[in-house]
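Only one structure is covered here, and it is reproduced in the block below.
There are 2 protein chains.
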Amino acid sequence: MTPSLDIPSRFLLGPGPSNVDPRVLAALTQPVVGHLDPAFLRVMDESAAMLRRVYRTKNDLTLALPGTGTSGMEAGIANLIEKGDRVIVCVAGYFGERVCEMVQRHGGELVRVEAEWGKPIRAEQVQEALREHAPVRLVAIVHAETSTGVQQPLAEIAALVQESGALLMVDAVTSLGGVDLPTDALQTDYVYSCSQKCLGCPPGLSPITVSDQARERIALRKRPPASWYLDLELLQAYWDERRAYHHTAPVTLHYALHEGLRLALDEGLEARFERHAAAGAALQIGLQQMGLKLLADLPHRLPVLTTVRVPDGVSDAAVRAQLLTERGIEIGGGLGPLRGQIWRIGTMGVNASPQAVLLALSAIGDVLAAHGHRTDVAAGLAAAREELAVRPAARRKSATPS
Amino acid sequence: MTPSLDIPSRFLLGPGPSNVDPRVLAALTQPVVGHLDPAFLRVMDESAAMLRRVYRTKNDLTLALPGTGTSGMEAGIANLIEKGDRVIVCVAGYFGERVCEMVQRHGGELVRVEAEWGKPIRAEQVQEALREHAPVRLVAIVHAETSTGVQQPLAEIAALVQESGALLMVDAVTSLGGVDLPTDALQTDYVYSCSQKCLGCPPGLSPITVSDQARERIALRKRPPASWYLDLELLQAYWDERRAYHHTAPVTLHYALHEGLRLALDEGLEARFERHAAAGAALQIGLQQMGLKLLADLPHRLPVLTTVRVPDGVSDAAVRAQLLTERGIEIGGGLGPLRGQIWRIGTMGVNASPQAVLLALSAIGDVLAAHGHRTDVAAGLAAAREELAVRPAARRKSATPS
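Sequences listed follow chains A and B, in order.
Numbering that gives the first Met the number 0 applies: residue 0 is where the first sequence begins, and numbers increase by one.
Numbering that gives the first Met the number 0 applies: residue 0 is where the second sequence begins, and numbers increase by one.
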């Protein structure tokens, strides 16, 4: 007989999932009801309305897909392009590469616009690609590259794309709820995210929003998308007043998302963004004062996910394993070419807090010392405290593993 | 400010989700950990091992997809066929139709083998189609058609498919954990199910199992499947010892599935199947003794989901609404051509119990009477009690909405 689960508490300071607020965890145990129960339809309507506020959009087609953030990425590609369409994908990390892979699988003609991992894409690169490869159906870009810790400036690129007549797809998996993303002001056409990072819910849902312009293009498709499961027109027919059966919604995850969105809006988006900004800044200053080097440069450094170089001679895997087993702290390793080269430290959701920042600095310093690499932990903590002192918003939440 | 959720308790006697055992609901609130945490990898390994027992298979590639049962259907089509492959789909209800739609989207050459909704497919039909359309890449069939309440006999058809060299895909969404499905004995190649029906977990995961023969065919594909999210080779690389990052697993749903599988195996599969058989038989005899007519005929009547004709002159929607609002009981309406014609009553998971059966009979009788249609409730209850009395396995669990 398999024993029942006894899962340890962790400080989830990796690239996600982040720790879940106890109120969100409690929402998971509301009674399961049917996916067409009036009580659940109300959950859907309220969550869609709250998602519109978090995405800062009026888009009718705003909902949570029954899959992880990657399903949101695939839904965008599957619905927005058809075989032979030219697609510009901005690649400056692992998730840009993943989009390329999907474009090719869905028959798009791929145009890569690249930047070194750790740098953002420049607007002129997109401008040139749009000119050279016109007509372009879609431009895909990652707002917060989870593999590099770079925050991509979007305003100028979004304006160029809009002017070209192409659609704009934005990956907000690591930014939504922690970094401002004004969907409508930027005139983006398709934005997708996940539930388990800055929104602080369990993984398994992918909140998306789709512009009216994108919906009109989808309606003109010659063939339906290959994916029935992620067909946006079928999903829309379930989420709008038609309530046409499509899939059995993961109701418990929707309860959690509803609660997570409520808490985010109750805190206030501006306050929440400032809390994430303050925690990220304090962590980054602290790491640097300890003598460690960050991968991403200002001003493109993402506040919610910090990438720091593994010091020479130190074993990436051994340090992470010790942090996990000895201190219960998860941080992330590098992906792709950065494997073994960097750590990824998330300060997202409830973990965008002074406690999480100071815990991370001190534990990383301790464990590095145990591996023979001395850092100036006291200087790091002092610098972080100073940064936090001038940014009171950071103090609003406490980091508690749940 | 959106108020916090206050979801009512329901008796979920529709086509799913079914009620969730309180122990499964409690498992949802185990702490969220990372998708590569050793504690979570153990959950995956144990769940895969338990799924193999429930599926009665030795298939290495046995796992739970990060999506609903429909994602399991789509993963099968996306991975098992390539553009131009000939695919026989057995259609005797809504879910057979859904498979056809997916085959066409994924470029397959569709051959339909049809039976009237409410009847099973006959083996000779498959035999003839295999002969006429050879070579056939895949035959798809639904084991338990949720739209009609028919249980499809599989042994003869499976043998024919195996002999022909085609692969066999089986939809076990409504049967897994409630009706025996000996995957290996039948030599099926791909079987998919869901978490929220006879396994009694919340919706959001799709347990699948894939034969070695099917994996060999997948490895020989000329092009990867259109879906990256549901690519079985990538999923395998996450579930096996490579642990290659693919998606952020919906960890809380996996905790629940782990507990649901534990409870199913603790009860014992044979006992569990007999409990479902007894509850279904009692419900069906009871409904008939009340004077109602069933859609599916013996011996093809599914025990776990009973389809009963809406009596002439009675409003389907009004009866279901009154059952829900007045008695907290969900039963399902008909799909497609059976919309308004039948009700679908599920006795799955914890609801495969005397309490659920007697509750359903008495509540349906009461509400029908309120709508001017008299039934002989006392006779129905007496017949159901008598059936339950001779089948003691039915008494093992109690139906409690949670």
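Built from N, CA and C at the ideal position, the CB exists for glycine as well.
According to DSSP, is residue i part of a helix, a strand, or is it coil?
{"i": "A/I156", "result": "helix"}
{"i": "B/Y439", "result": "What the structure shows of chain B is the stretch from 0 to 401, and residue 439 of chain B is not part of that stretch, so it cannot be assessed."}
{"i": "A/Q287", "result": "helix"}
{"i": "A/R97", "result": "helix"}
{"i": "B/S3", "result": "coil"}
{"i": "A/Y228", "result": "coil"}
{"i": "B/E325", "result": "helix"}
{"i": "A/T306", "result": "strand"}
{"i": "B/I363", "result": "helix"}
{"i": "A/R384", "result": "helix"}
{"i": "A/A143", "result": "strand"}
{"i": "A/E138", "result": "Before going further, note that residue 138 of chain A is Val rather than Glu in the sequence given. Correct three-state label for A/V138: strand."}
{"i": "A/E404", "result": "Chain A is shown only over 0 to 401; residue 404 of chain A falls outside these bounds and no answer can be derived."}
{"i": "A/L11", "result": "strand"}
{"i": "B/P206", "result": "strand"}
{"i": "B/G345", "result": "strand"}
{"i": "A/E127", "result": "helix"}
{"i": "B/I87", "result": "strand"}
{"i": "B/V389", "result": "coil"}
{"i": "A/A255", "result": "helix"}
Who are the Cβ neighbours of residue i in its own chain at under 7 Å, not counting the five residues just before and after it?
{"i": "A/R111", "result": "V88, V90 and C99"}
{"i": "A/P2", "result": "none"}
{"i": "A/T67", "result": "C193, P202, G203 and S205"}
Find the nearest neighbour of residue i within the set the options, judged by alpha-carbon distance.
{"i": "A/E144", "options": "A/L12, A/G117 and A/V160", "result": "A/G117"}
{"i": "B/V102", "options": "B/L175, B/P119, B/V149 and B/A77", "result": "B/A77"}
{"i": "B/M72", "options": "B/M168, B/L159, B/I6 and B/A320", "result": "B/M168"}
{"i": "A/G57", "options": "A/L27, A/E269 and A/S210", "result": "The amino acid at residue 57 of chain A is misidentified as Gly; the sequence shows Lys. Answer by Cα proximity: A/S210."}
{"i": "A/G323", "options": "A/L159, A/P181, A/S352 and A/A359", "result": "The question names Gly, yet the displayed sequence has Leu at residue 323 of chain A. Of A/L159, A/P181, A/S352 and A/A359, the residue nearest in Cα terms is A/A359."}
{"i": "A/I207", "options": "A/H370, A/P65 and A/H372", "result": "A/P65"}
{"i": "A/R85", "options": "A/Q150, A/R130, A/Q186 and A/G259", "result": "A/R130"}
{"i": "B/H34", "options": "A/G13, A/G33, A/L380 and A/D44", "result": "A/G13"}
{"i": "A/Y237", "options": "A/A158, A/D179, A/A63 and A/S70", "result": "A/A63"}
{"i": "B/E113", "options": "B/Y93, B/G106 and B/G107", "result": "B/Y93"}
{"i": "A/A171", "options": "A/A225, A/L153, A/S361 and A/H246", "result": "A/L153"}
{"i": "B/Q186", "options": "B/P202, B/S192, B/S205 and B/V160", "result": "B/V160"}
{"i": "B/L301", "options": "B/M289, B/L175, B/D375 and B/P16", "result": "B/L175"}
{"i": "A/G148", "options": "A/S70, A/L294, A/A213 and A/G106", "result": "A/L294"}
{"i": "A/A381", "options": "A/A355, A/E329, A/M289 and A/I341", "result": "A/M289"}
{"i": "A/A305", "options": "A/D239, A/R41, A/L286 and A/E385", "result": "Reading the sequence as shown, one finds Thr at residue 305 of chain A and not Ala. Residue A/L286 is the option with its Cα nearest to A/T305."}
{"i": "B/V53", "options": "B/G267, B/R214 and B/P119", "result": "B/G267"}
{"i": "B/A263", "options": "B/F10, B/L234, B/S46 and B/R9", "result": "B/S46"}
{"i": "A/L256", "options": "A/Q195, A/A320, A/H142 and A/P298", "result": "A/Q195"}
Count the other CB atoms, across all protein chains shown, that sit within 10 Å of the CB of residue i; report buried if there are 16 or more and exposed otherwise.
{"i": "A/A377", "result": "exposed"}
{"i": "A/M43", "result": "buried"}
{"i": "A/R242", "result": "exposed"}
{"i": "A/E269", "result": "exposed"}
{"i": "B/L4", "result": "buried"}
{"i": "B/S397", "result": "In this prediction, B/S397 scores a pLDDT of 43, lower than 50, which makes its location untrustworthy; the coordinate-derived value is nonetheless stated afterwards. By the 10 Å Cβ count, B/S397 comes out exposed."}
{"i": "B/D296", "result": "exposed"}
{"i": "A/G83", "result": "exposed"}
{"i": "A/V389", "result": "exposed"}
Below 8 Å CB to CB, which residues in the same chain sit around residue i once its five sequence neighbours on both sides are set aside?
{"i": "A/K221", "result": "E81"}
{"i": "A/G339", "result": "V309, D315, A316, G332 and G333"}
{"i": "B/Y325", "result": "The amino acid occupying residue 325 of chain B in the given sequence is Glu; Tyr does not appear at that position. Taken in chain order, the residues that qualify are V366."}
{"i": "B/A218", "result": "E232"}
{"i": "B/T28", "result": "T251"}
{"i": "B/V32", "result": "A38, F39 and V250"}
Can you give me the Cβ contacts of residue i inside the same chain, cut-off strictly under 6 Å, excluding the 5 residues immediately before and after it?
{"i": "B/G177", "result": "C197, H275, V303 and M347"}
{"i": "A/A259", "result": "One point to set straight first is that residue 259 of chain A is Gly, not Ala, in the sequence displayed. These residues qualify, in order along the chain: V23, L198, G199 and C200."}
{"i": "A/L291", "result": "V307"}
{"i": "A/R51", "result": "T61"}
{"i": "B/S163", "result": "L129"}
Cβ-heavy atom distance between residue i and the ligand HEM below 8 Å?
{"i": "B/L380", "result": "Of the ligands one can find in the structure shown there are none, so the ligand HEM has no counterpart to examine."}
Closest Cβ-Cβ distance between residue i and chain D: below 9 Å?
{"i": "B/E329", "result": "Chain labels in this structure do not include chain D; the protein chains are A and B."}
Members of the stretch 39-54 of chain A that neighbour chain B once the beta carbon cut-off is set at 7 Å = Per Cβ criterion, the list reads V42, E45 and M49.
Residues of the stretch 208-234 of chain B with Cβ closer than 9 Å to any Cβ of chain A, in chain order:
Look at the stretch 208-234 of chain B: the residues with a C-beta under 9 Å from a C-beta of chain A are R222, P223, P224, A225, S226, W227, Y228, L229 and D230.
Review point. Which residues, in order along the stretch 237-257 of chain B, keep a beta-carbon less than 9 Å from a beta-carbon of chain A?
Key: Under the 9 Å Cβ criterion, the stretch 237-257 of chain B contributes Y244, H245, H246, T247, A248, P249, V250, T251, L252, Y254, A255 and H257.
Output, in sequence order along the chain, the residues in the stretch 259-277 of chain A whose CB is closer than 7 Å to any CB in chain B.
-> Shown in chain order are the members of the stretch 259-277 of chain A whose Cβ falls below 7 Å from a Cβ of chain B: R261 and D265.
Would you list, in chain order, the members of the stretch 100-116 of chain B that have their beta-carbon closer than 9 Å to a beta-carbon of chain A? The stretch 100-116 of chain B vs chain A, Cβ under 9 Å: E100, M101, Q103, R104, H105 and G106.
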